[in-house]
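Counting in this note's numbering, the sequence shown runs from 153 upward without gaps. Where a beta carbon is used, it is the ideal one built from N, C-alpha and C, also for glycine. Beneath this line is the structure, given in structure tokens, with notes to follow.
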Amino acid sequence: MELTVRKEDLAKGLAKSQSVVERRTSMPILSNVLLDAQGEQLTITGTDLETSFIGVYPARVSQPGRVTVPARKLYEIAKELPAEDVYLKEKENNYLHITSGRATYDLVGLAAGDYPELPQVDGIPQLTIAGEVLSEMIEKTIFSISQEDTRFNLAGLYVQKRKKDDSHRLRFVSTDGHRLSLIDKEIPGLGEFALEAGVIIPRKGVSEMRKLAEEGGELVLGLSQRYAVVNKDEVKLILRMQEGSFPDYEVVIPKNTKRKALLGRQAFEGVLRRVSLIATDRFQGVRLDFKDGLLEVVSNNPDLGEAREALEVDYEGESFGVGFNARYFLDLCAAMRSEQISLSFVDEQNPCVIKGEGDAGFLSVIMPMRL
153 MELTVRKEDL
163 AKGLAKSQSV
173 VERRTSMPIL
183 SNVLLDAQGE
193 QLTITGTDLE
203 TSFIGVYPAR
213 VSQPGRVTVP
223 ARKLYEIAKE
233 LPAEDVYLKE
243 KENNYLHITS
253 GRATYDLVGL
263 AAGDYPELPQ
273 VDGIPQLTIA
283 GEVLSEMIEK
293 TIFSISQEDT
303 RFNLAGLYVQ
313 KRKKDDSHRL
323 RFVSTDGHRL
333 SLIDKEIPGL
343 GEFALEAGVI
353 IPRKGVSEMR
363 KLAEEGGELV
373 LGLSQRYAVV
383 NKDEVKLILR
393 MQEGSFPDYE
403 VVIPKNTKRK
413 ALLGRQAFEG
423 VLRRVSLIAT
433 DRFQGVRLDF
443 KDGLLEVVSN
453 NPDLGEAREA
463 LEVDYEGESF
473 GVGFNARYFL
483 DLCAAMRSEQ
493 ISLSFVDEQN
503 PCVIKGEGDA
513 GFLSVIMPMR
523 L
């Protein structure tokens, strides 16, 4: 393998691969990126066997070939190279010779033949979606994905195609067992998109999708029961779907709430931050006490003391109090855009439903906690 590539392209591709490759692994080659020079392009590939990154960049290829080298070290070198062009050449025993200006490196690699083959994803149904839309949908659901890998069917984002009235909507759902986030969006062309059953995209894959979506522009999203594929410009992501069945999440969404409070999102967020400073570190428990026109947020910690702060709200009805993990509401407030949000309850024992007019198609459910 022998080629010349722009430093900017090399560094950009390596940067995007860093969060995909495995740094601690029993398979050392998964800590490497595969460099494949063919035709007039350099393909950079990184994988952990579940999430795969492929970036294709223009290059002047003198000799086609493939080699794998440590992803982190090559990225650190690429960022610091002094010249705009980078010369790469494969040497004996899988070494990669790197030259830029007066700087030269010989980097130890591993045989490209040992690099795992990526799954074949040709023919997967695809849908074009605006990056801004996909980014919003992920932003409003990613924080509710379970962080416990033992609950593997909750450690991902559930994606469904739903039909309501005469329109089709793409639905994202996440839950960690204590809270749930759900968002529906109408996407052009979704009616013809073949997604018969829901699928679960693993947490790491969702995070990589989010990075691409935040760049804006259009993405092409492909979904099948086994893989998700995301294409944007020169980058492709291949994500292996999470196995298992997502729980029947609709049963936990209260249908007939009797109590409803309207309040300012940012003011509520500020009160929660201040009062939760006293809460226990692990559970962040606070009590919400509702009265006519007023919400009082209270935190008690036997080791530190008590904090309380009142907030004017639009609420009429009998007084009641209920405990929650403040962190769940803070995550939610950070993801929402509405100036005013609504908190709806059946009673003190059932979940709270949160919505906002500025967050169309979105709702969240938070389970109460005993304080």
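Same chain, Cβ closer than 6 Å to residue i, neighbours up to 5 away in sequence not counted
| i | result |
| --- | --- |
| D483 | F295 |
| I206 | T197 and K388 |
| Q278 | V372 and G374 |
| A346 | P277 |
| T280 | E370 and V372 |
| G261 | V219, T220, V221, N246 and L248 |
Bridge partners - residue i, DSSP secondary structure assignment
| i | result |
| --- | --- |
| I352 | Y310 |
| N477 | G437 |
| F205 | G198 and L389 |
| T251 | Y239 and T256 |
| A413 | L495 |
| D188 | T195 and R218 |
Cut-off 8 Å between Cβ atoms - residues of its own chain near residue i, not counting five sequence neighbours on either side
| i | result |
| --- | --- |
| L391 | E202, T203, S204, I353, P354, G357, E360, M361, Y379, A380, V381 and V382 |
| R417 | C485, M488, S490, E491, Q492, I493 and G508 |
| L364 | G283, L371, V382, K384, V387 and L389 |
| E461 | V423, R426, V427, E448 and V449 |
Opening and closing residue of the beta strand (DSSP E) in which residue i lies
| i | result |
| --- | --- |
| L334 | R331 to E338 |
| G165 | No beta strand (DSSP E) holds G165; the alpha helix (DSSP H) holding it covers K159 to S169. |
| S183 | Where S183 is concerned, there is no enclosing beta strand (DSSP E), given that its DSSP letter is neither H nor E. |
| L453 | It should be pointed out that residue 453 corresponds to Asn in this sequence rather than to Leu. Element bounds for N453: L446 to N453. |
Range covered by the alpha helix (DSSP H) that runs through residue i
| i | result |
| --- | --- |
| S296 | S296 -> no alpha helix (DSSP H), and no H or E assigned at all. |
| Q114 | With the chain covering only 153 through 523, there is no way to say anything about residue 114. |
Neighbourhood of residue i by C-beta, 7 Å cutoff - its chain only, sequence neighbours within 5 removed
| i | result |
| --- | --- |
| S428 | Q436, V438, S451 and A478 |
| M393 | V351, I352, I353, Q377, R378, Y379 and A380 |
| T432 | N453 |
| P268 | T199 and L201 |
| M519 | H330, R331 and P503 |
| V404 | L332, P503 and V517 |
Which of helix, strand or coil DSSP assigns to residue i
| i | result |
| --- | --- |
| F514 | strand |
| Y227 | helix |
| S429 | The sequence shown places Leu at residue 429, rather than the Ser named in the question. The answer is coil: DSSP assigns L429 none of H, G, I, E or B. |
| Y401 | helix |
| Q418 | helix |
| L507 | The amino acid occupying residue 507 in the given sequence is Lys; Leu does not appear at that position. K507 falls in the strand class under three-state DSSP. |
| K407 | coil |
| I281 | strand |
| A459 | strand |
Nearest-angstrom Cβ-Cβ length linking residue i and residue j, presumed shorter than 8 Å
| i | j | result |
| --- | --- | --- |
| D258 | P210 | About 25 Å; that fails the 8 Å criterion. |
| L446 | F476 | Not a contact, Cβ separation roughly 17 Å. |
| T156 | V208 | Wrong, their Cβ atoms sit about 16 Å apart, outside the cutoff. |
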